[in-house]
Amino acid sequence: MKVTFENPDKINGVMTIVIEENDYAENLTKRLKDIRKKAEMPGFRKGMIPMGRINQMYGTSAKIEEINKLVGDGMYGYIRENKIEMLGEPIPSEKQVPQDLENKGPFEFIFDIAVAPEFDIKLDKRDKLTYYHIDIDDKLIDEQVEMFRSRTGHNEEVEDYQDGDILTGDLRELNADGSNNEEGLVVADSKIMPSYIKNEDQKKLFEGAKKGDIITFCPKKAYESVAELSAMMKIDKEKAENLTAEFTYQVTGISRYVKGEINQELFDASFGKDTVKTEEEYRNKIKEALKPQVEPQQDLRLLLDLKKKCEDKVGKLEYPEALLKRIMIEGSKAEDKAKAAEDVEKEFPASIEALTWHLIKNKLVTLFNIKIDDADVKKASQNMAREMFIQYGMSNMPEEYIEKYAEELIGKEEMRTRILDNAIDEKIVASVKTTVTIDDKNISFEDFNKLFA
């Protein structure tokens, strides 16, 4: 087997693999003998079918498998040995001509390989980055208090409607002249949340509603969503689609969600029984709890600023764009290749930006001599689990719950790459903090968020 590689412009590679008969003959004979041992055919004992018949039945397919194995081993072996940093997977070259695998050979296979552009990157104390420390101010603490109060709140019945309340009532269909439709639709105990009504004219009809009030409105006009309408009217979507009549709605109940009071019950629900006893202690506890919660956001900002600095250092990289687009189209799961090509063209600038950062990160991993072990992956998965809980307002989850959920995340195949990537990001951030000059700056949470705008 002969493998050659041409790469005159450094980014568009062409690999040619030539397979001779003596490259595959010995393994092919062994494969066919193995097939013979297991093959069964009427008139012959198992393992005694003549080799000529075996060759006739399985020879071509077995040879194709052997040749494919040789091509794969030869290609990826050459890439490893010569440390070719390729982008995507090799694809058959447009120069490839059909090979008659019924013959003995030689067979020539040509592949196009997109090669990563060459560049280097260095960072030292002459490079400066700002690390933003989010001030845990009263406004941020107030928002957290309100979140905890919302979690410990309760519903209570009230007499008059305010925005956000839920109404319970009975719906009755009307005739076109406004009279009661005796054969029309009647819905008891229908729930309506007027604040969700999109039509302003219909929404105003519920303003100041009280128990016992009868409101006339058109459900079809009030709700654009057929799903919402069918749920409120307790009918299927097809009937809801054709429902145009007006209805009366007699209010039988008004439910309002009331946030929890700032008291010992709230303190216990937030941080455990008797952990804090006063509002001042409570606010201080929230402040301490928020500090580690905002650190991942602070680190993310540093990582994004590092990305910008590195991209500026590297400048515009040259890519084999035409070949990359072919690789992306070939790798697309879309059956319609024309549509796939259209999508690739549309997303190509963003793909190149992501690819550039991926290559830069690989250089940083080498620069900082970063190694990822099981402990790093475990830590990254726990941080991811912690952030997920925080997003759902569960900022005080016990560590055993976080560890358990982190294990579940690691077990999900679709999450492993993301977790590994996060582990690398965490190591890069830790390394860059000691490599470049860091300018520490305090900033409000509001101004910090503006940095991402």
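First residue of the sequence shown: 137, per my numbering; consecutive thereafter. C-beta: ideal position from N, C-alpha, C; glycine also.
Do residue i and residue j have their C-beta atoms closer together than 8 Å?
i, j, result
"N605", "L307", "As displayed, the chain neither begins before 137 nor continues past 589, which places residue 605 out of reach and without an answer."
"S366", "E293", "no"
"A559", "D512", "yes"
"L168", "G195", "yes"
"D561", "L440", "no"
"K427", "I272", "yes"
"I538", "L545", "no"
"Y297", "A363", "no"
"I574", "F504", "no"
"F255", "V568", "no"
"N335", "A312", "no"
"L341", "K356", "no"
"I270", "F581", "yes"
"K339", "G389", "no"
"K461", "V480", "yes"
"I463", "I227", "yes"
"V387", "G305", "yes"
"G300", "S326", "no"
"E454", "P253", "yes"
"V150", "S229", "yes"
"M369", "V322", "no"
"D318", "C354", "In the sequence as displayed, the identity of residue 318 is Glu instead of Asp. Not a contact, by the Cβ cut-off of 8 Å."
Within its chain, find whatever has a CB closer than 8 Å to the CB of residue i; leave out the 5 residues flanking it on each side and keep chain order.
i, result
"M137", "I153, V154, I155, E156, D159, L206 and G210"
"G467", "G224 and E225"
"A542", "K514, S517, Q518, M520 and A521"
"F243", "V154, I155, I203, Q235 and L237"
"I171", "I190, Y194 and A198"
"E374", "none"
"E295", "K346, K347 and I390"
Residues in its own chain within less than 6 Å of residue i by CB, not counting five upstream and five downstream?
i, result
"I422", "I277 and Q280"
"L259", "T571 and V572"
"I496", "C446"
"A470", "A476"
"K182", "E176"
"T384", "R308, I350 and T352"
"L199", "A quick correction: the sequence has Lys, not Leu, at residue 199. L164, listed in sequence order."
"T266", "D575 and K577"
"F245", "I153 and V207"
"Y418", "F403 and V412"
"E221", "A252"
Starting from residue i, trace the alpha helix (DSSP H) both ways and give me its first and last residue.
i, result
"E536", "E535 to G547"
"D510", "D510 to Q527"
"V480", "K473 to L503"
"I270", "Run containing I270: none in the alpha helix (DSSP H); it sits in the beta strand (DSSP E), K264 to I270."
"A250", "Looking at the DSSP string, A250 is not in any alpha helix (DSSP H); the run it does join, the beta strand (DSSP E), is F243 to V251."
"L402", "Q400 to F407"
"L460", "E457 to G467"
"K375", "K373 to E377"
Considering just the uninterrupted stretch of the beta strand (DSSP E) at residue i, what are its terminal residues?
i, result
"M184", "It is not in any beta strand (DSSP E) - M184 carries neither H nor E in the DSSP assignment."
What did DSSP end up calling residue i once you bin it into helix, strand or coil?
i, result
"P432", "helix"
"F383", "strand"
"R392", "strand"
"M151", "strand"
"I422", "helix"
"M177", "strand"
"M137", "coil"
"K449", "helix"
"I203", "helix"
"E156", "coil"
"E142", "strand"
"I227", "strand"
For residue i, I'd like the list of residues in its chain whose CB is within less than 7 Å of its CB, leaving aside the five on either flank, ordered along the chain.
i, result
"L459", "N148, D248 and A250"
"G289", "Y393, V394, K395 and G396"
"M329", "I302"
"W493", "K443"
"R437", "Y268 and L587"
Taking CB distances under 8 Å as the criterion, tell me whether residue i reaches chain C.
i, result
"R308", "Protein chain content of the structure displayed is limited to a single chain, and chain C is not contained in it."
Any chance you could list the beta strand (DSSP E) runs of at least 3 consecutive residues sitting entirely within the stretch 282-369, in chain order? As for any beta strand (DSSP E) of minimum length 3 sitting wholly inside the stretch 282-369, the runs are 290-293, 302-309, 322-328 and 350-353, ordered along the chain.
Taking the runs of the beta strand (DSSP E) that are 3 residues or longer, which of them lie wholly in the stretch 555-587? Within the stretch 555-587, the complete beta strand (DSSP E) runs of at least 3 residues fall at 573-579.
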